[in-house]
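A.B. asks: These protein sequence lines map, in sequence, to chains A and B.
Take any residue in the first sequence, count from 1 to its spot, add 451: that is its number in my numbering.
Take any residue in the second sequence, count from 1 to its spot, add 22: that is its number in my numbering.
Backbone N, C-alpha and C fix where the C-beta goes; we use that ideal spot for every residue, glycine too.
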Amino acid sequence: MIHKFEVNGIKLVLDVNSGAVHVIDDLVWDLLDHGPDFDTDNVYKALRGKYPVSDIQEAMDELNVLIQENMLYTEWDGGIPAMAGEPVIKAMCLHAAHDCNLRCSYCFASTGDFKGERELLDFETGKKALEFLVRHSGHRRNLEVDFFGGEPLMNFDTVKQLVAYGRALEKKHNKKFKFTITTNGLLLDDDTIDYINREFVNVVISIDGRPEVHDSMRKTCTGRGSYDIIAPKALRLADSRDQNNYYVRGTFTRFNKDFDKDVLHLADQGFKQISVEPVVAPESEDYALTKADLKDIFAAYGRLAEAYIKRRKEGRGFNFFHFMVDLNQGPCAAKRSTGCGAGNEYIAVTPRGDIYPCHQFVGDEEYRMGSVVDGSFDREKQLRFRGTNVFTKEKCASCWAKFYCSGGCAANAFHFNGSIDKPYDLGCEMEKKRLECALAIKALETFEE
Amino acid sequence: MKHIKTLHRGNLKQSLSKGGCGECQASCQSACKTSCTVANQSCQK
Ligand code: SF4
Ligand code: SF4
């Protein structure tokens, strides 16, 4: 399977099953319409008028070399790559607070309470969550725990107690907790920032971009915009971490399909690690993205790719999460076909101690997997998630992006299509566009060096 | 080659032999919390 595409004037072809990527000229682009058979008569009939015969022959020869060396039209004969050993849980999203001090219009957690009651995680339940993770982690040494919400800084004392408790568990069980936190930034102050820098390997702070864009969605309880409070704090945090190991994370909606401007705004403020993502919402919401918006969204990704390269050349580059792709040291095929690991290696735990496959499943009762309080855990459900990958999902199996996307978001699939096996179409289209941009950026950077 | 410049030769199949140890990061945690792009993650082996 191959995928040819063009971004900002550069043409590429990806050989899906080997992962080989080639930059091609117009002639090869046209030739590829005739593959993989390349019937000589048809090829020459179609292209003779457009290119010299000798060139066509030359390009055909080059294509044949790639095919012979398994860099084009490679067949997949690797079966279904699987993670070795017994299922283990290695990552946890720990909901420190089902409450929030902002009232964002698009919040998937219905402004913090996840459609339940507003509540905070207590120390006892949190301890049980960490113990649960240790117990289910097998031989895996590094354990990831993200303090999430709602807004976890609303329950920061408990968070700190739990970090200390985690450190004690580490010693006892020869584990290493990698703590992270996802926050709206409102309660950040110098002490909190110091603490975060000491204990947390990554921080995600939510800012949407331009002040007016941010303020139209991310409001305080009194209905005022929150940009002016949050942006300076976030920058202080980013700088104090030497602009590493954090992300400012924005959401774009139908109201800012020109989100490239928001990304660049964040870069202009001095942020170097940026992730701005499409909102996920039912079409009934006025801010939701629909198929009709894709054209504008693709154009924005294209513009962003151009600006991204330009700024890097000028020495004022930044990282955009979805444009980063590591062609050499990327993950193995097993990882690439199983993705996020929700419900399998990754779980979310609510303030009550209930376990769900991930933060986006919280509140979906049919997906509740157990409780850290009584130690129950539904292995059947875990195996259901473990058994899902890009080979078992019909749509993914025939998709060129499968080894980069790794099968999409199970929660989105369930919420939009009623099944974790049926990926959310709009998400797929945007994912594919981002990958095309990422590969084109890589090509431009490599060949211009 | 004149018409084709190879950016990456591809090593997906080779990765099968070393793969599947599971020491790598859970992808959704790192930056977005809504998607599972893995291509920007690094192998821990
Ligand atoms: S883009 Fe969609 S179809 Fe393709 S691998 Fe990802 S989830 Fe599957
Ligand atoms: S199901 Fe979706 S939201 Fe949940 S961990 Fe996977 S990619 Fe992230």
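What is the DSSP secondary structure of Gly577 (chain A), counted as helix, strand or coil?
C.D. replies: Here residue 577 (chain A) corresponds to residue number 126 of the first sequence, with the count starting at 1. Gly577 (chain A): helix per DSSP, three-state reduction.
A.B. asks: Start and end of the alpha helix (DSSP H) containing Lys873 (chain A)?
C.D. replies: Along the first sequence, one-based indexing puts residue 873 (chain A) at 422. Unbroken run through Lys873 (chain A): none, as it is neither H nor E.
A.B. asks: Measure the alpha-carbon distance for Asp642 (chain A) versus Lys622 (chain A) and round it to whole angstroms.
C.D. replies: Counting from 1 along the first sequence, the entry for residue 642 (chain A) is found at position 191. Counting from 1 along the first sequence, the entry for residue 622 (chain A) is found at position 171. Looking at the two C-alpha atoms, the distance is approximately 26 Å.
A.B. asks: Is the beta carbon of Ile475 (chain A) less than 7 Å from the beta carbon of Lys462 (chain A)?
C.D. replies: Walking along the first sequence from the start, residue 475 (chain A) turns up at place 24. Walking along the first sequence from the start, residue 462 (chain A) turns up at place 11. Yes. Within cutoff.
A.B. asks: Cα-Cα, which of A:Asp550, A:Pro782, A:Asn779 and A:Tyr818 is closest to Gly794 (chain A)?
C.D. replies: Reading the first sequence from its first residue, position 343 is the one you call residue 794 (chain A). Residue A:Tyr818 is the option with its Cα nearest to Gly794 (chain A).
A.B. asks: Is any heavy atom in ligand 2 found nearer than 6 Å to the beta carbon of Gln811 (chain A)?
C.D. replies: As a first step, residue 811 (chain A) must be located in the first sequence, where it is residue number 360. Short note on Gln811 (chain A): C-beta closer than 6 Å to some heavy atom of ligand 2.
A.B. asks: What are the uninterrupted segments assigned as alpha helix (DSSP H) that are 4 or more residues long and contained completely in the segment 801-843 of chain A, given in chain order?
C.D. replies: Complete alpha helix (DSSP H) runs here, min 4: 830-837.
A.B. asks: Tell me the DSSP secondary structure of Thr897 (chain A) in three-state form.
C.D. replies: Here residue 897 (chain A) refers to the residue found at position 446 when the first sequence is read from its first residue. Residue state, collapsed to three classes: helix.
A.B. asks: Measure how close the beta-carbons of Ser857 (chain A) and Val60 (chain B) come, nearest whole angstrom, since I'm counting them as under 8 Å.
C.D. replies: The residue given as residue 857 (chain A) occupies position 406 in the first sequence. The residue given as residue 60 (chain B) occupies position 38 in the second sequence. Yes, Ser857 (chain A) and Val60 (chain B) are in contact; Cβ-Cβ is about 4 Å, under 8 Å.
A.B. asks: Arg787 (chain A) CB to nearest chain B CB: under 7 Å?
C.D. replies: Locating residue 787 (chain A) in the first sequence gives position 336, counting from the first residue. It does; some Cβ of chain B falls within 7 Å.
A.B. asks: From this set, A:Val813, A:Phe769 and A:Glu880, which residue's C-alpha is nearest Phe865 (chain A)'s C-alpha?
C.D. replies: The residue given as residue 865 (chain A) occupies position 414 in the first sequence. A check of alpha carbon separations from Phe865 (chain A) across A:Val813, A:Phe769 and A:Glu880 identifies A:Val813 as the nearest.
A.B. asks: I'd like to know whether the C-beta of Gln63 (chain B) is nearer than 7 Å to at least one C-beta of chain A.
C.D. replies: On the second sequence, position 41 is the one that residue 63 (chain B) refers to. At least one chain A Cβ lies under 7 Å of Gln63 (chain B).
A.B. asks: Thinking Asp711 (chain A) and Arg669 (chain A) are a contact (beta carbons under 8 Å), I'd like their distance in whole angstroms, please.
C.D. replies: The count along the first sequence starts at 1 and reaches residue 711 (chain A) at position 260. The count along the first sequence starts at 1 and reaches residue 669 (chain A) at position 218. That pair is no contact at about 19 Å.
A.B. asks: When burial is assigned at 16 or more other CB atoms within 10 Å of the CB, is Gly781 (chain A) buried or exposed?
C.D. replies: Start at 1 with the first residue of the first sequence, and residue 781 (chain A) comes out as number 330. It is buried - the Cβ of Gly781 (chain A) has at least 16 other Cβ atoms within 10 Å.
A.B. asks: Counting along the chain, where does the beta strand (DSSP E) carrying Met543 (chain A) start and finish?
C.D. replies: Counting from 1 along the first sequence, the entry for residue 543 (chain A) is found at position 92. Run containing Met543 (chain A): Ala542 to His546, per the beta strand (DSSP E) assignment.
A.B. asks: Just tell me which of A:Ser588, A:Asp492, A:Asn459 and A:Lys501 has its CA closest to the CA of Val479 (chain A).
C.D. replies: Within the first sequence, residue 479 (chain A) is the residue found at index 28, counting from 1. Here the closest residue by C-alpha is A:Lys501.
A.B. asks: When you measure from the CB of Cys915 (chain A) to every non-hydrogen atom of ligand 2, does any distance come out below 6 Å?
C.D. replies: In this structure chain A extends from 452 to 900, so residue 915 (chain A) is not present and cannot be described.
A.B. asks: Can you give me, in chain order, the residues of the segment 466-498 of chain A that have a beta carbon less than 8 Å from any beta carbon in chain B?
C.D. replies: Asp466, Asn468, Ser469, Gly470, Ala471, Val472, His473, Val474, Ile475, Asp476, Leu478 and Val479
A.B. asks: Would you mind reading off the limits of the beta strand (DSSP E) that contains Arg700 (chain A)?
C.D. replies: Residue mapping note: residue 700 (chain A) aligns to position 249 of the first sequence, counting from 1. It spans Tyr697 to Phe703 - the beta strand (DSSP E) in which Arg700 (chain A) sits, taken as one unbroken run.
A.B. asks: Of the choices A:Gln724, A:Lys708, A:Tyr738 and A:Val776, whose alpha-carbon is the least far from that of Lys746 (chain A)?
C.D. replies: Your numbering for residue 746 (chain A) matches position 295 in the first sequence. Comparing Cα positions, the closest option is A:Lys708.
A.B. asks: Compare the C-beta of Ser414 (chain A) with all C-beta atoms of chain B and state if any pair is closer than 7 Å.
C.D. replies: What the structure shows of chain A is the stretch from 452 to 900, and residue 414 (chain A) is not part of that stretch, so it cannot be assessed.
A.B. asks: Could you check if Cys43 (chain B) belongs to the surroundings of ligand 2, using beta carbon to heavy atom distance under 6 Å?
C.D. replies: For the purposes of this step, residue 43 (chain B) is identified with residue 21 of the second sequence, where counting begins at 1. No, ligand 2 has no heavy atom inside 6 Å of this Cβ.
A.B. asks: Where Phe867 (chain A) and Gly674 (chain A) are concerned, what is the direct C-alpha to C-alpha distance, given to the nearest angstrom?
C.D. replies: Within the first sequence, residue 867 (chain A) is the residue found at index 416, counting from 1. Within the first sequence, residue 674 (chain A) is the residue found at index 223, counting from 1. Roughly 30 Å between the two C-alpha positions.
A.B. asks: Between Cys551 (chain A) and ligand 1, is there a pair consisting of the residue's CB and a ligand heavy atom that are separated by less than 6 Å?
C.D. replies: As a working mapping, residue 551 (chain A) is identified with position 100 in the first sequence. Incorrect: Cys551 (chain A) has no Cβ contact closer than 6 Å to ligand 1.
A.B. asks: Does DSSP put His624 (chain A) in a helix, in a strand, or in coil?
C.D. replies: Locating residue 624 (chain A) in the first sequence gives position 173, counting from the first residue. Helix.
A.B. asks: In chain B, which residues lie less than 8 Å from Met522 (chain A) when you measure between Cβ atoms?
C.D. replies: Along the first sequence, one-based indexing puts residue 522 (chain A) at 71. Within chain B, the residues near Met522 (chain A) are Thr28, Arg31 and Gly32.
A.B. asks: I'd like to confirm something about Ala852 (chain A): is its beta-carbon nearer than 6 Å to some heavy atom of ligand 2, or not?
C.D. replies: One-based indexing of the first sequence puts residue 852 (chain A) at position 401. It does not: the Cβ of Ala852 (chain A) is nowhere closer than 6 Å to a heavy atom of ligand 2.
A.B. asks: Measuring from the CB of Ala862 (chain A), is there a heavy atom of ligand 2 at a distance below 6 Å?
C.D. replies: In the first sequence, counting from the first residue as 1, residue 862 (chain A) sits at position 411. Ala862 (chain A): yes, Cβ under 6 Å from ligand 2.
A.B. asks: Report the partner residues of Pro597 (chain A) according to the DSSP bridge assignment.
C.D. replies: As a working mapping, residue 597 (chain A) is identified with position 146 in the first sequence. Looking at the sequence itself, residue 597 (chain A) is Asp, so the reference to Pro does not match. Paired residue(s): A:Cys544 and A:Thr631.
A.B. asks: Please determine whether the Cβ atom of Glu882 (chain A) lies at a distance below 6 Å from any heavy atom of ligand 1.
C.D. replies: Indexing the first sequence from 1 puts residue 882 (chain A) at position 431. Checking the Cβ of Glu882 (chain A) against ligand 1 gives yes.
A.B. asks: Can you find the residues in the same chain that come closer than 6 Å, C-beta to C-beta, to Glu880 (chain A), ignoring five residues on each side of it along the sequence?
C.D. replies: Counted from its first residue, the first sequence places residue 880 (chain A) at position 429. Around Glu880 (chain A): Leu745.
A.B. asks: Along the beta strand (DSSP E) that carries Lys27 (chain B), what are the first and last residues, could you check?
C.D. replies: Here residue 27 (chain B) refers to the residue found at position 5 of the second sequence. Per DSSP, Lys27 (chain B) is one residue of the beta strand (DSSP E) stretching across Ile26 to His30.
A.B. asks: Compute the Euclidean distance between the alpha carbons of Tyr646 (chain A) and Val654 (chain A), then round it to the nearest angstrom.
C.D. replies: By 1-based counting over the first sequence, the position of residue 646 (chain A) is 195. By 1-based counting over the first sequence, the position of residue 654 (chain A) is 203. Distance between the alpha carbons of Tyr646 (chain A) and Val654 (chain A): 12 Å.
A.B. asks: DSSP three-state call for Gln80 (chain B): helix, strand or coil?
C.D. replies: What is shown of chain B runs 23 to 67, which leaves residue 80 (chain B) out entirely.
A.B. asks: Return the CA-CA distance between Leu581 (chain A) and Thr562 (chain A), expressed in angstroms with no decimal places.
C.D. replies: In the first sequence, counting from the first residue as 1, residue 581 (chain A) sits at position 130. In the first sequence, counting from the first residue as 1, residue 562 (chain A) sits at position 111. Cα to Cα, Leu581 (chain A) sits roughly 26 Å from Thr562 (chain A).
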